[in-house]
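Below: one structure, written as structure tokens.
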Ligand SMILES: [Fe+2]
């Protein structure tokens, strides 16, 4: 296809949108492919009725299963999203977990504690991404009740994002990736006289229990380029333009073959007088989008609290709530921490999410 235009259009996307109009982006391949910007009289989110299963959805994960088991939320053949609450009591049985179905990226929403792995321990705190690759035995020992959003990658290994012309140290320097502390783990196990002799293995979503005579965390040393690590949201250096809004793809943290994980962290608001300062309305045509609201002030959404998760499948445009345009005035910095997962293939909802869903969410773009 080639570039062309008709009627009113802007010469620079996300800037100089005619007064009283909105700009809507329709793009392929997750902000990398063919793209057009439509100048419309009104936002396409002004629906007055949606009749059918395809609609924006919101889930309150604060109400997710607190029994210690993983609660499946959304899934397809490439990815499964779970919520898991882990309490100090749950950890007393010292049963390790090994996921043979895929890499587990644990995002710590609430809580602090220690994660034992075959490679050493990682201390965790809110905002941490803990990357535990496929088949690595691990065990959470929380200090307090802890909640994780788990992004299970069934489609291949996680990779760093392509940083293109900004170079390999942009967004985060790989020297920021914190590796497990093996000596610390040996000391920790000795001091606490902890012995983990059971590993539960998940394979094709079935659990098999392996029992041993002695502790499975007995590694004396290791070398190689496969190891668990952690990265906190505070270590991210967001890409920004002070002149025009950048697409969410600028905030990619990890990439898998058929989905991406992006992080939204505080950043300055665009300062050009005619710049669109709220996220633009868009149809990310090829992707389903999930946003987990971790912390801060979610200025582009109304009636939200930390721990909620929105799900916007492909098939309709989305964008800021009407209140966002007022809220952003006078702001010089955003103060939101959120995790976004965009998937190439459609996501299905687990039946258990019905109890977590705010059923009126699709109406939330209507002006109050
Ligand atoms: Fe989006």
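In this note's numbering, the protein residues as written are 1 to 368.
Glycine included, C-beta positions come from ideal geometry on N, C-alpha and C.
With 16 other Cβ atoms within 10 Å as the buried cut-off, status of residue i
i           : result
residue 222 : exposed
residue 225 : exposed
residue 209 : exposed
residue 151 : buried
residue 326 : exposed
residue 12  : exposed
residue 133 : buried
As assigned by DSSP and simplified to three states, the class of residue i
i           : result
residue 378 : What is shown of the chain runs 1 to 368, which leaves residue 378 out entirely.
residue 183 : helix
residue 124 : strand
residue 257 : coil
residue 220 : coil
residue 165 : helix
residue 190 : helix
residue 93  : helix
residue 8   : coil
residue 251 : helix
residue 322 : helix
residue 328 : helix
residue 234 : helix
residue 310 : strand
residue 364 : coil
residue 356 : helix
residue 275 : strand
residue 144 : coil
residue 48  : coil
residue 35  : strand
residue 381 : Past the boundaries of the shown model lies residue 381; the chain is included only from 1 to 368, so the question cannot be answered.
residue 43  : coil
residue 370 : What is shown of the chain runs 1 to 368, which leaves residue 370 out entirely.
residue 77  : coil
Contact belief for residue i with residue j at Cβ below 8 Å, rounded distance in angstroms
i           : j           : result
residue 309 : residue 59  : 5 Å
residue 263 : residue 237 : 11 Å between Cβ atoms; not a contact.
residue 54  : residue 315 : 5 Å
residue 281 : residue 23  : 7 Å
residue 213 : residue 197 : 7 Å
Closest residue to residue i among the options (Cα-Cα distance)
i           : options               : result
residue 301 : 37, 189, 363 and 263  : 363
residue 146 : 103, 78, 154 and 67   : 67
residue 108 : 122, 54, 98 and 330   : 122
residue 80  : 72, 87 and 358        : 72
residue 113 : 97, 91, 101 and 323   : 91
residue 323 : 299, 45 and 313       : 299
residue 272 : 319, 258 and 240      : 240
residue 162 : 269, 336, 17 and 252  : 252
residue 179 : 69, 120 and 36        : 120
residue 334 : 290, 160 and 297      : 297
residue 347 : 356, 361, 328 and 313 : 313
Any non-hydrogen atom of ligand 2 within 8 Å of residue i CB
i           : result
residue 282 : This structure lacks ligand 2; its bound ligands are ligand 1.
_Considering only heavy atoms of ligand 1 and the C-beta of each residue, which residues fall inside 7 Å, strictly closer?_
One residue after another in chain order, those with a Cβ under 7 Å from a heavy atom of ligand 1 are 248, 282, 284, 289, 312 and 318.
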